[in-house]
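Q: Before we start, here is the structure in question, set down as structure tokens.
Numbering (our numbering), first residue to last: 75 to 280.
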């Protein structure tokens, strides 16, 4: 599923009580910037094909645990978790279409877990978290989760105010590298980002 990996990327925003070092520094910054908009460029390498996919996207989250994942290029889509439900839309020839897809329950489960962790309701046994060569390595302990995301490696910015690059190794061997292009704390009209009744109300900052 092309969006499922996105949910796991932001585990770093929810590990506020794990060990020291990189984790503590990133978690402190995440806590200070709980309302944030992040623009990424993505480079994905497929394990079974000699193919590289590049795209651009925006992630928005707030202190209530709501989330918006918007793909800008090469296609356009919006996935919103409004705190209760997951809504997914894609731009087709006739305009924006709301999708009814089999992964909705998985998205809701994952996003709810992240929301609970942000609020301090989390299990410290869910992930193996380690540091290697100045990077943070996160490995889900649940074998079912590892079938989707085997490992996440986060390279922090020099000032530890957030991630500089996130590498996701999927269970099937595909590798996705996300590079942070821009991060904006407390973006204007952030509530609009989570309004599934009018997804065009929120305009990602340039």
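C-beta atoms are modelled at their ideal positions from N, C-alpha and C, and glycine is treated no differently.
Name the two residues that bound the continuous beta strand (DSSP E) containing residue 217.
A: As a first step, residue 217 is located in the chain shown; it is residue number 143 there, counting from the start. Counting along the chain, residue 217 falls outside any beta strand (DSSP E), though it belongs to the alpha helix (DSSP H) covering 217-220.
Q: Of all the options 220, 213, 222, 219, which has the alpha carbon lying nearest to the alpha carbon of residue 228?
A: Reading the chain shown from its first residue, position 154 is the one you call residue 228. Looking at the Cα atoms, 213 is the closest of the given residues.
Q: Considering only the beta carbon of each residue, do residue 262 and residue 156 sit closer than 9 Å?
A: One-based indexing of the chain shown puts residue 262 at position 188. One-based indexing of the chain shown puts residue 156 at position 82. Contact: no.
Q: Tell me the DSSP secondary structure of residue 272 in three-state form.
A: Here the question's residue 272 lines up with position 198 in the chain shown. Reduced to three states, the DSSP call for residue 272 is coil.
Q: Indicate the three-state DSSP secondary structure (helix, strand or coil) for residue 113 in the structure shown.
A: In the chain shown, counting from the first residue as 1, residue 113 sits at position 39. It is a strand residue.
Q: Considering only the beta carbon of each residue, do residue 165 and residue 172 sit closer than 9 Å?
A: Position 91 of the chain shown holds residue 165. Position 98 of the chain shown holds residue 172. No.
Q: Could you tell me whether the region 251-266 touches the region 229-239, using the rule of 3 or more Cβ pairs below 8 Å?
A: Yes, the region 251-266 is in contact with the region 229-239.
Q: Sorted by chain position, which residues of the same chain lie with C-beta nearer than 7 Å to residue 147's C-beta, five sequence neighbours on each side aside?
A: Walking along the chain shown from the start, residue 147 turns up at place 73. The residues are 129, 130.
Q: Which of the three DSSP states is assigned to residue 267 in this structure?
A: Working through the chain shown from its first residue, we reach residue 267 at position 193. The answer is helix: DSSP assigns residue 267 an H, G or I state.
Q: Report the partner residues of residue 164 according to the DSSP bridge assignment.
A: Numbered from its first residue, the chain shown carries residue 164 at position 90. Note: residue 164 sits in a beta bridge opposite 151, 171.
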